[in-house]
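Position 189 (the sequence shown) corresponds to 193 in our numbering; numbering is contiguous. Note that CB positions come from ideal geometry on N, CA and C, so glycine has one too. This structure is a prediction, so every number in the text was calculated from the model and none was measured. Reading through the structure tokens given below for one structure.
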Amino acid sequence: MLSSPSLPLPLFQIHHPSPLPSPHSPPFASKEAPKRPIHNTPHKRTLKSRSFPLQNPSFSTKPEALPPSPQNPEEDFVGSFRFRRFRELWDARKVFDGMPERNVVSWTAVLNGFLNMGLDDEVLVLFKEMVGSDVKANGLTFVCLLKFCGNRFDVDLGKQVHACVVKGRWSNLIVDSALVFFYSRCGDLLGAFKVFDKMPGKDVVCWTTMITAYVQHGLVDEAFSMFSSMQYHGFCPNEFTVCSVLKACGEARDLRLGKQLHGAVAKGLFKQDVYVGSSLVNMYVRCGEVLDARIVFDLMPKRNTITWTSMISGYAQSGFGEEAILLFQRMKRRRVFVNNQTVVSVLSACGSIGSLHLGKEVHAQIIKNLVLENIHIGSTLIWFYCKCGEYNYAAKILESMPARDVISWTAMISGYSSLGYGSEALKLLNDMLWDNVKPNMFTYSSALKACARLENANYGKWIHACVSKAKALENVFVGSSLIDMYMRCRDVADALRVFDEMPDRNSVTWKVMVIGYAKNGRCKEALKLMYRMQEEGFDVDNFVLATVLSACGDVQWESERASTCCLISGCVNETRK
């Protein structure tokens, strides 16, 4: 049984940036920076002896922090191997520096060694020394430099290298593949395709690089088209190709193609590959097929952190919080390395089932491993505590985070709004703006819900102006929240104007508008809109019908009564079918 710790807060020293006054301040924003903290609960600023380990010591997000121990054989092996490679690299550098003459081969070997170890700064210094030594680069040097530019997103230097490749006629299969990688890595997919299209000969690596680039930039249709062309030209996909296409299937929710690839894998194509198996699990999870994902997971002979995390995340996202927690506990018993995404998924599962006890244990271990600096983890913690109704903890975490982005602010604003603390939610929005963080669609939607609860039309109109300026009205959730706010503030005319201006509407939009009409005594308009709603293909549920009937109960118009009866009979008939 896990012990229930008390929660040590805050976690970091507080930093209050000096906000700049804005002419677009909200209605109750002061001209000076707010002096008050986000919450008023006094607390100590220390973490002395306040850590509460989980049952399993393998819960860590810093592999290099683990001491040599037989309990972590994989991490110890990787750490020892990496240290040995570092030592050998610096030994090689000493030999290189002692060479009386150095040619392009020795320069390229050292450049490539530092690049593979992720020491980009050393690569840049060495390259400048190479240029200063009047050593001319060869094709492999250019490959190394293009990888360096891609990793650093250095477009200018990469294009200069490309020009040198063209000028020196170094173009070949390996160099062109590196060019495709560089352009795709820097987001220039057109440039990548131009290089790819001009290549006289192509191999599976080139095709896979282009497919992966399209998937990473969300262009799944182009990725599928490229995959089909690859097969048409007689190339057999490798394990990296399969992983990329499976990711595209998950993004596009294309279960048919995903199952076809699964069939090929089951017949022996990379059947033992742990990354292909993890990609299959993730594909099924993204397509909403959690049971199929679990079957793949259970049949895998080997699993890594990504596999476990994908399955836990799938359970959490699909509402199977208990299954996610059980799998996480099994993961700990197997002493599998836990990363930040695993922590986020477990916290999401704890929040979905309201498991405050286990969530606090996870939080304590996060503090112990000093990983709360990760904004994603901090934001998820805020969401978790708000979901469990512990908004004081959530506020303390928000205040103590060294860096706060729109996600962490929105999680807190949404939490306050959902718990009915509308004033606190709007004050947090004020603090967020003074912190120079730009709201997103979810921030606007949560703030508008707070305005609706408070019936604060002035603040709601100010948010409406911000939404119009940011062209956020195209978002159906923001539009629906605006309509609900105006209806609750009894401003039916503005609600109708927002409804008419929305380019897209969903069932929530229609229901909010109909219910708003009914609650404001506009029975005739509510009934007419219900007709339109049905004509647009949206169902009228029992709650909407009950609300309208209740509002129209004292109205003496027979036509409206008949219309309501027709609607009710229509809904009943649909239910019986």
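Whether residue i touches residue j by CB criterion (9 Å)
i, j, result
"residue 524", "residue 501", "no"
"residue 488", "residue 468", "no"
"residue 278", "residue 241", "no"
"residue 315", "residue 295", "no"
"residue 490", "residue 530", "no"
"residue 228", "residue 261", "yes"
"residue 366", "residue 409", "no"
"residue 287", "residue 323", "no"
"residue 141", "residue 113", "no"
"residue 252", "residue 215", "yes"
"residue 317", "residue 348", "yes"
"residue 463", "residue 474", "no"
"residue 280", "residue 243", "yes"
"residue 115", "residue 148", "yes"
"residue 449", "residue 411", "no"
"residue 282", "residue 298", "no"
Cβ-Cβ separation, residue j to residue i (assumed contact under 8 Å), whole Å
i, j, result
"residue 454", "residue 426", "4 Å"
"residue 284", "residue 250", "6 Å"
"residue 108", "residue 139", "5 Å"
"residue 118", "residue 110", "Rounded, the Cβ-Cβ distance is 13 Å, inconsistent with contact."
"residue 162", "residue 186", "5 Å"
"residue 154", "residue 189", "4 Å"
"residue 300", "residue 274", "With 8 Å as the limit, residue 300 and residue 274 do not qualify as a contact, their Cβ atoms being about 13 Å apart."
"residue 477", "residue 506", "7 Å"
"residue 547", "residue 511", "The Cβ separation is near 12 Å, so there is no contact."
"residue 415", "residue 379", "Actually they are not in contact, since the Cβ atoms of residue 415 and residue 379 sit about 11 Å apart, beyond 8 Å."
Boundaries of the alpha helix (DSSP H) in which residue i is found, first to last residue
i, result
"residue 140", "Element bounds for residue 140: n/a, residue is neither H nor E."
"residue 206", "Taken as a continuous stretch (DSSP letters only), residue 206 belongs to no alpha helix (DSSP H), as it is neither H nor E."
"residue 2", "A question about residue 2 goes unanswered here, because the residues of the chain that appear run from 5 up to 581."
"residue 358", "No alpha helix (DSSP H) holds residue 358; DSSP gives it neither H nor E."
"residue 3", "One cannot answer for residue 3 here, as it falls past the ends of the chain, which runs 5 to 581."
"residue 456", "445-458"
"residue 302", "294-303"
"residue 317", "309-321"
"residue 549", "546-555"
"residue 515", "511-523"
"residue 497", "496-505"
"residue 122", "Segment: none, residue 122 is in no alpha helix (DSSP H) and carries neither H nor E."
"residue 387", "379-391"
"residue 586", "With the chain running from 5 to 581 in the structure shown, residue 586 is simply not present."
"residue 168", "159-171"
"residue 474", "No alpha helix (DSSP H) contains residue 474, which DSSP labels as neither H nor E."
"residue 106", "Element bounds for residue 106: n/a, residue is neither H nor E."
"residue 275", "Taken as a continuous stretch (DSSP letters only), residue 275 belongs to no alpha helix (DSSP H), as it is neither H nor E."
"residue 407", "Careful: residue 407 lies outside any alpha helix (DSSP H) and carries neither H nor E."
"residue 334", "325-337"
"residue 189", "177-189"
Closest Cα partner of residue i within the set the options
i, options, result
"residue 164", "146, 176 and 185", "146"
"residue 418", "406, 161 and 386", "386"
"residue 536", "409, 514, 99 and 186", "514"
"residue 121", "143, 137 and 151", "151"
"residue 508", "246, 492 and 479", "479"
"residue 401", "442, 534, 422 and 370", "370"
"residue 237", "210, 504 and 104", "210"
"residue 201", "189, 217, 184 and 216", "184"
"residue 224", "510, 258 and 541", "258"
"residue 381", "405, 423, 188 and 182", "405"
"residue 166", "538, 342 and 198", "198"
"residue 526", "542, 188, 552 and 221", "552"
"residue 430", "466, 289 and 298", "466"
"residue 135", "106, 304 and 416", "106"
"residue 420", "396, 206, 302 and 174", "396"
"residue 361", "373, 379, 329 and 334", "329"
"residue 313", "336, 345 and 325", "345"
"residue 170", "158, 203, 192 and 156", "203"
"residue 456", "168, 352, 422 and 444", "422"
"residue 4", "212, 157, 191 and 159", "The displayed coordinates of the chain run from 5 to 581. Any statement about residue 4 would go beyond what the structure contains."
"residue 192", "173, 218, 168 and 172", "218"
The ligand FAD heavy atom lying under 8 Å from the CB of residue i
i, result
"residue 142", "For the structure depicted, the ligand FAD is absent and the ligand set is empty, with no information on it obtainable."
Any chain B beta carbon closer than 9 Å to residue i
i, result
"residue 315", "Looking for chain B here will not work: only one protein chain is present."
Can at least three beta-carbon pairs, one atom from the segment 385-394 and one from the segment 347-364, be found at a separation below 8 Å?
yes
Taking contact to mean at least 3 C-beta pairs separated by less than 8 Å, is the segment 519-535 in contact with the segment 468-484?
no
Contact between the segment 432-441 and the segment 470-477 is defined here as three or more beta-carbon pairs at a separation below 8 Å; is this criterion met?
no
How about the segment 215-234 and the segment 262-270: do they share at least three Cβ pairs that are nearer than 8 Å?
no
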